[in-house]
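K.L.:
Can you keep this structure in mind? I'll have questions shortly.
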Amino acid sequence: MCLMTSRIEYHCTTVEKLVEEQKSFDAVLAVEVIQHVANPSEFCKSLSSLTVPDGAIMISSTEEYPIPIIIEKYLLNRLPNGTPQRLSALEPDNLVQFMKSASISFQGMAAFILHYWRANFVAFGTKPPCKD
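Everything in the sequence shown is counted per this note's numbering, starting at 1124 for the first residue and increasing by one.
Next up, the structure:
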């Protein structure tokens, strides 16, 4: 096994549990999660607290309209029962504000248009270095 892959850790848990355990990581990736949490601002603060100084934080989400979700889930049966409900429609500008309020230095964002009704976006930021 190469040195790089031997250091990668995958955790199937909650962000709050990792914060409680005082874990820290060089990079924290939250892929397609933030739109399902009740409080995105607090979620970003938790991601920031899990990241070491100068560490990287990447958050991805989708921007969708409700009609295609209903069609895919109930008419086309493409989404299995038990698929998490979407709690909030997150706008990219709101995500940037959540990151900044969590002391994450926003570095940039990219969007991927998948269909005329759906786009994925990825935001990248870093945690500022410790002040000496």
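All residues carry an ideal CB built from backbone N, CA and C; glycine is no exception.
1. Span of the beta strand (DSSP E) holding VAL1154?
2. Would you tell me roughly how many angstroms separate the C-alpha atoms of VAL1219 and VAL1160, rounded to the nearest one?
3. Can you name the residues that DSSP bridges to ALA1242?
4. Does the distance from the C-beta atom of VAL1175 to that of SER1147 stay below 7 Å?
5. Indicate whether ILE1157 and GLY1248 have their beta-carbon atoms separated by less than 7 Å.
P.N.:
Taking the geometry as given:
1. Where VAL1154 is concerned, the enclosing beta strand (DSSP E) stretches over 1148-1154.
2. Those two C-alpha atoms are separated by around 16 Å.
3. GLU1186 and ILE1236.
4. For the pair VAL1175 and SER1147, the CB atoms are nearer than the 7 Å cut-off.
5. Between ILE1157 and GLY1248, the CB-CB gap reaches or exceeds 7 Å.
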